[in-house]
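Engineer: One structure coming up, written as structure tokens, with questions to follow.
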Amino acid sequence: MDWPFFIESSIAGVATGALYSLVALGFVIIYKATKVINFAIGEIMMLSAYLFLTFAGTFGWHPFVALPLAVIGGGLLGGIIEKTIIRPMLGEPPISVIMVTIGLSNILVGSAQVLWGGGPRVLPSFLPKQPIFIGDLYISSKLAYSALIAVCILACYLIYFRFSRGGVALRATASDQAASFSMGISVPKVFNFAWIFGCMAAALAGVLVSASGGLSPYSGGMALSILVVVIFGGLDSIAGALIGGLFVGWIETLAGALWGGEYKMLAIFTLLTFVLVLKPHGLFGTKEIERL
Amino acid sequence: MRIGDAVSTYRGDETIFRTQTQKIWMGILVIALILFPFISSPYMLFLGCMVGIAVISATGLNILVGLTGQISLGHGGFMGVGAYSAVWLADTFGMSLALTLPLAGIMTALVGMVVGLPSLRVKGLYLAIATMAASVILHFIFVHWESVTGGNRGFNLQNAAIFNIKLDSDFRMYFIIIPLAVLAVLGTRNLLRTRIGRAFIAIRDRDISAEVLGVNLLKYKLMSFGLSSFYAGCAGALWAYFFKIVTPESFPFETSIFYLAAIIVGGMGTVLGPILGAAFMTLVPEMLKLMTELVGPILPNAQVLLSPVKGMVFGLLIVGFLLFEPHGLCELWRRIQRFFRIWPFKT
Amino acid sequence: MTDTILELEGITLSFGGLTALSDVSFKVPKGKITTIVGPNGAGKTSLFNSISGFYKPQAGKIYFKGKDISRLNPPARAKLGLARSFQNIALFRGMTVIDNIKLGAHSHLKTGLLSALFYMGKARKEEMALREKVETKIIDFLEIDHIRNLPVASLAYGLQKRIELARALAIEPQVLLLDEPVAGMNREEKEDMARFIIDLNREWGVTILMVEHDMGMVMDISDKVVVLNFGRLIAKGSAEDVKNDPEVIKAYLGSGNVSDLRQRLGVETIEG
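Chains as they are written, first to last, in numbering that gives the first Met the number 0: chain V, 0 to 291; chain E, 0 to 346; chain X, 0 to 271.
Here it is, written out as structure tokens:
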């Protein structure tokens, strides 16, 4: 066993996992508040990356201006989607809601193809380039810095949701909509807020991921890994999203490094199968109880 | 204009075609279906066969998703199983379609029932994910089990025949596909008249109550998966016979989404819905292609835009129908019928 | 001495630290109407759920026609002839009235998949026989022929409750458990329902076990009344006997004795 290689791959995996955790957090916020499984989250990541490309590349703005703008853009996109498409679907059977977000992802992919063409693009670089060495171990600096940013933002989100009024409102709505409504919390606003914030997290992750891996209208496909993360961690669990993200990122990268890129998908699907068989609601998810 | 029906026996109340008018329309439809291949262009005949196959598959998916309420993202994989089974049986054992079709269906049904096992423990999203995982695993098998499936190159069908008649033209395939499609639809309609159809719907609406009333959830959920997969397998087999080749890319994950969209757009849980939906979703991309050619001279870029526009239109149809017409084309059709029922008298 | 068709022996049910039922024993006479009453929270629905098999009591046994059914699950009990209606209407919204009723008879039918798909011979005969039976015995009896082909979701509450009863009848039950059959109904609907219950009992010989709050109806139609309070059985007998039982009066109205009340509430007296 080539230990240095294993450790390097593991570090890279955990770093990727930090980005996954960020997206998963966004996903869980959306699910907790509105009970919607956002299959289009990958496409929101992709479009935000394209926004960054346009702001920093085409318009030539400074990356430190383009990045927040792209993130806000992604958040706004989420807010618009919630208001126009998700809100009317409140109360519809699960399959309808799932299909709506799948239909949405098709629309977004098509839009990206039309607006920016189908070919792969490279983002203007904004992360330091020289490789980082811990002893003899190599870490891609883009990945390392991305992970660092992701962790900082994750911390901000967690603090915000724990202590601020917005965060409390979100947690209240997630646990009991009717009660929150009667307490004066504007539930529709919370829905919208959840989508904006959730998509902002995804947007940031989207830009960071594309910074390392390139961008195309099909980049949204990575949301599959995110799906595994949230199933593993539990759809409504923030802790699950964090731990799940790191774990899945680690496993996926390791599988790819040890056996080849094709085995990444097999690895995470095997993980998924185990979770579904043993603990379908995820490590930390809450089991739904059906009343008679 | 119809004002109620004059049915005087229980038997009359339970039949499918109740009035004389309905029977006449059905007769006309049958004649039209028979004459179609004689008067249509090759392109239209091709489309007719494609629609026929899609109808069989969509009707099958509707049994599982629309009637029994189980979410499945594995339909494409099932069609693949049917396709590969049929081709393998035909070329390895020299069997005719009369055998390969039902056998492929049965093999797919068995796979379907295994994939359906999680439905006994989980519902909703989790079941969707489980079926999606199954679909990925099936795809993996198609690619890697080279001895049987021919791997990425795929499998060419040499022996496409039924009772020693070579099935080498769309014309001949049409007369296999369409009658089977009619049988498939009638079968579903019949189910709804018996305790099996009722059991399926009861499971969809409130499975705990169904269980208390004596419906064995295990048996009927697996039956639904099995039956639905049988339909998918047959559709896949017909597809293989039609194109004479099957590869792992013949039934990608998008196929499952396509059929879900078809039954949503058509109207879930109805008998007419999958027919309308399958036809609509098959024909819309073709119409877009036509429009692109027409618009070509004016917009030189049109060809490039076709692919993304197809994707966007697909997504827009799903979202649009779910938002504005959740009961699908079927409901739209019923509204039109209702309108014309009282039309001369409505101001 | 009438036969006992259903017997409960020492049923004790607790959820965690909360005891819902405590050593409840009584006999349900065959062919009669027995009602379970008690203040809110007395454990009536828990008792029902235990009898139909949704809850497994920690102690005690349930005998149906002399056989111990304590270990059977709900569908198995249904097959033996123990049918139940639900407090929240549990009709299948995607089906018509008649299809809902026909579903009740599901376990008595035999049609298999293949004959269903082709609807020939056996399937058709069985369906027609079922239709015949449902129409004459249930639909005519409950006077719902005018709505038989309507989707259940479009009907008024009172009618939906009646269809629930119809569906339970399709099981051809020997004992019918009715959970608050007239809850939420107006005077007329209650009288109609009471009439149906009595007819069911007298004409079809179905043993009825109901949970009910409407005392007027309980007194009018019950042959035997069982009173629960705080999970214990505090009285049983004919309606008259039970009405005048001091324990029952105390349970519903209180005894008028303040120290008694304080004792029950576990409260210290403020002044000596």
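The C-beta atom is built at its ideal place from N, Cα and C for all residues, glycine as well.
Quick check on this structure: which residue in V:Phe160, V:Leu103, V:Leu89, V:Val99 has the alpha carbon closest to the alpha carbon of V:Gly25?
Structural biologist: Residue 25 of chain V sits at position 26 when you count from the first residue of the first sequence. Ranking V:Phe160, V:Leu103, V:Leu89, V:Val99 by Cα distance to V:Gly25 puts V:Phe160 first.
Engineer: Secondary structure at V:Val13, three-state DSSP: helix, strand or coil?
Structural biologist: As a first step, residue 13 of chain V is located in the first sequence; it is residue number 14 there, counting from the start. Three-state result, V:Val13: helix.
Engineer: Grab me the residues of V:Leu103's own chain with a C-beta within less than 6 Å of its C-beta, minus the 5 sequence neighbours each way, in chain order.
Structural biologist: In the first sequence, counting from the first residue as 1, residue 103 of chain V sits at position 104. Within the same chain, V:Leu103 has close Cβ partners Ala39.
Engineer: Can you list, in chain order, the residues of its chain with a C-beta nearer than 6 Å to that of V:Ala238? Leave out the 5 residues immediately preceding and following it.
Structural biologist: Counting from 1 along the first sequence, the entry for residue 238 of chain V is found at position 239. Excluding positions up to five away in sequence, the list reads Phe283.
Engineer: For a contact defined as C-beta to C-beta under 8 Å, what are the partners of X:Phe273 on chain E?
Structural biologist: It is not possible to answer for residue 273 of chain X, since the shown part of chain X is limited to 0 through 271.
Engineer: Give the list of continuous alpha helix (DSSP H) stretches no shorter than 4 residues that lie fully inside the region 214-259 of chain X.
Structural biologist: Runs of the alpha helix (DSSP H) inside the region 214-259 of chain X: 214-220, 238-243, 245-252.
Engineer: When DSSP builds the beta bridges, which residues end up paired with X:Phe25?
Structural biologist: For the purposes of this step, residue 25 of chain X is taken as the residue at position 26 of the third sequence. According to DSSP, which records beta bridges pairwise, X:Phe25 is partnered with X:Leu7.
Engineer: Using a Cβ-Cβ cutoff of less than 8 Å, which residues in the same chain neighbour X:Asp198 once the five nearest sequence positions on both sides are dropped?
Structural biologist: Position 199 of the third sequence holds residue 198 of chain X. Once the five neighbours on either side are set aside, the close Cβ partners of X:Asp198 are Phe140.
Engineer: Give me the DSSP bridge partner(s) of X:Asp144.
Structural biologist: Position 145 of the third sequence holds residue 144 of chain X. Per DSSP, none; premise fails for X:Asp144.
Engineer: So, with DSSP's three-state summary, where would you put X:Leu98?
Structural biologist: Translated into the one-based positions of the third sequence, residue 98 of chain X becomes position 99. Before going further, note that residue 98 of chain X is Asp rather than Leu in the sequence given. In the structure shown, X:Asp98 sits in a helix (DSSP, three-state: H, G or I).
Engineer: Which residues does DSSP pair with X:Ile60 in a beta bridge?
Structural biologist: Against the third sequence, residue 60 of chain X aligns to sequence position 61. The sequence given here places Lys at residue 60 of chain X; Ile does not occur at that position. Partner(s): X:Glu8.
Engineer: Check this for me: beta carbons of E:Ile128 and V:Leu226, under 8 Å apart or not?
Structural biologist: Along the second sequence, read from residue 1 onward, the residue named residue 128 of chain E stands at position 129. Along the first sequence, read from residue 1 onward, the residue named residue 226 of chain V stands at position 227. Contact: yes.
Engineer: Report the neighbours of X:Ala89 on chain E: residues whose CB is nearer than 7 Å to its CB, in chain order.
Structural biologist: Stepping through the third sequence from its first residue, residue 89 of chain X is reached at position 90. Ordered by position in chain E, the residues that pass the 7 Å Cβ test against X:Ala89 are Arg205, Ser208.
Engineer: Indicate whether at least one CB of chain E lies closer than 8 Å to the CB of X:Glu179.
Structural biologist: Here residue 179 of chain X is taken as the residue at index 180 of the third sequence, counted from 1. Chain E, which has no Cβ nearer than 8 Å to the Cβ of X:Glu179, makes this no.
Engineer: Quick check: what's the CA-CA separation for V:Leu291 versus E:Ile207?
Structural biologist: As a position in the first sequence, residue 291 of chain V is number 292, starting the count at 1. As a position in the second sequence, residue 207 of chain E is number 208, starting the count at 1. Low per-residue confidence applies at V:Leu291: pLDDT is 36, beneath 50, and the placement is therefore not dependable enough to give any value.
Engineer: My assumption, with CB atoms under 8 Å, is that E:Leu96 sits in contact with E:Tyr240. Please give the rounded CB distance.
Structural biologist: Position 97 of the second sequence, counted from the first residue, corresponds to residue 96 of chain E. Position 241 of the second sequence, counted from the first residue, corresponds to residue 240 of chain E. That belief holds up - the Cβ atoms of E:Leu96 and E:Tyr240 are roughly 6 Å apart, short of 8 Å.
Engineer: Is V:Ala204 helix, strand or coil when you go by DSSP?
Structural biologist: Translated into the one-based positions of the first sequence, residue 204 of chain V becomes position 205. DSSP places V:Ala204 in helix when its eight states are reduced to three.
Engineer: Does DSSP put V:Leu275 in a helix, a strand or coil?
Structural biologist: Reading the first sequence from its first residue, position 276 is the one you call residue 275 of chain V. Reduced to three states, the DSSP call for V:Leu275 is helix.
Engineer: CA-CA distance, X:Gly59 and X:Thr95?
Structural biologist: In the third sequence, residue 59 of chain X corresponds to position 60, counting from 1. In the third sequence, residue 95 of chain X corresponds to position 96, counting from 1. Roughly 40 Å between the two C-alpha positions.
Engineer: Kindly say whether E:Ala201, judged by its beta-carbon, lies nearer than 8 Å to any beta-carbon of chain X.
Structural biologist: Here the question's residue 201 of chain E lines up with position 202 in the second sequence. Yes, its Cβ sits closer than 8 Å to a Cβ of chain X.
Engineer: According to DSSP, what are the bridge partners of E:Arg333?
Structural biologist: Walking along the second sequence from the start, residue 333 of chain E turns up at place 334. DSSP lists no partner for E:Arg333.
Engineer: Taking Cβ-Cβ distances below 9 Å as the criterion, which residues of the region 134-157 of chain E are in contact with chain V?
Structural biologist: Hits within the stretch, in order: Val135, Ile136, Phe139.
Engineer: Compile a chain-ordered list of the residues in the region 68-99 of chain V whose CB is closer than 9 Å to at least one CB of chain E.
Structural biologist: Those residues of the region 68-99 of chain V that come within reach of chain E (Cβ to Cβ, closer than 9 Å) are Thr83, Ile84, Pro87, Met88, Glu91, Pro92, Pro93, Ile94, Ser95, Val96, Ile97, Met98, Val99.
Engineer: Compare the Cα-Cα distances from X:Ile137 to each of X:Ile170, X:Ala122, X:Ser69 and report the closest residue.
Structural biologist: Within the third sequence, the letter at position 138 stands for residue 137 of chain X. Comparing Cα positions, the closest option is X:Ile170.
Engineer: So what does DSSP say about E:Thr107, is it helix, strand or coil?
Structural biologist: If you number the second sequence from 1, residue 107 of chain E lands on position 108. Here E:Thr107 sits in helix by DSSP.
Engineer: When the distance is taken between beta carbons, is X:Val27 closer than 8 Å to X:Thr33?
Structural biologist: Within the third sequence, residue 33 of chain X is the residue found at index 34, counting from 1. Within the third sequence, residue 27 of chain X is the residue found at index 28, counting from 1. Result yes, Cβ atoms of X:Thr33 and X:Val27 sit closer than 8 Å.
Engineer: Excluding the five sequence neighbours on either side, which residues of its own chain have a C-beta within less than 8 Å of the C-beta of V:Val229, listed in chain order?
Structural biologist: The sequence position of residue 229 of chain V within the first sequence is 230, counting from 1. The answer, listed in chain order, is Ala23, Phe26, Val27, Tyr30, Gly239, Ala240, Gly243, Gly281.
Engineer: Assuming the contact rule is C-beta atoms closer than 8 Å, E:Ala234 and E:Gly59 should be a hit. Round their C-beta distance to whole Å, please.
Structural biologist: Along the second sequence, read from residue 1 onward, the residue named residue 234 of chain E stands at position 235. Along the second sequence, read from residue 1 onward, the residue named residue 59 of chain E stands at position 60. That belief holds up - the Cβ atoms of E:Ala234 and E:Gly59 are roughly 7 Å apart, short of 8 Å.
Engineer: Could you say if the region 110-120 of chain E and the region 45-53 of chain E meet the contact criterion of at least three C-beta pairs nearer than 8 Å?
Structural biologist: Output reads no: the region 45-53 of chain E does not touch the region 110-120 of chain E.
Engineer: Here's the rule I'm using: 16 or more other beta-carbon atoms within 10 Å means buried, otherwise exposed. How should V:Val247 be labelled?
Structural biologist: By 1-based counting over the first sequence, the position of residue 247 of chain V is 248. Looking at its Cβ environment, which holds 16 or more other Cβ atoms inside 10 Å, V:Val247 is buried.
Engineer: Please list the segments of the alpha helix (DSSP H) lying wholly inside the region 95-144 of chain V, counting only runs of 4 or more residues, in order along the chain.
Structural biologist: Runs of the alpha helix (DSSP H) inside the region 95-144 of chain V: none found.
Engineer: For the region 77-159 of chain E, list the beta strand (DSSP E) runs that are entirely contained and at least 3 residues long, ordered along the chain.
Structural biologist: If we require 3 residues or more, the region 77-159 of chain E turns out to have no beta strand (DSSP E) run fully inside it.
Engineer: Per DSSP, what kind of secondary structure is V:Thr53 in: helix, strand or coil?
Structural biologist: Here the question's residue 53 of chain V lines up with position 54 in the first sequence. Helix.
Engineer: Who are the Cβ neighbours of V:Ala173 in its own chain at under 6 Å, not counting the five residues just before and after it?
Structural biologist: Locating residue 173 of chain V in the first sequence gives position 174, where the first residue counts as 1. Closer than 6 Å at Cβ, skipping near neighbours: Lys31, Ala32.
Engineer: Closer than 7 Å by beta-carbon distance: list the chain E residues that pair up with V:Ser110, in chain order.
Structural biologist: Translated into positions along the first sequence, residue 110 of chain V becomes position 111. Under the 7 Å cutoff, chain E gives Met311.
Engineer: Using 10 angstroms around the beta-carbon of E:Val245, count the other beta-carbons present and answer buried if the total reaches 16, otherwise exposed.
Structural biologist: Within the second sequence, the letter at position 246 stands for residue 245 of chain E. Result: buried.
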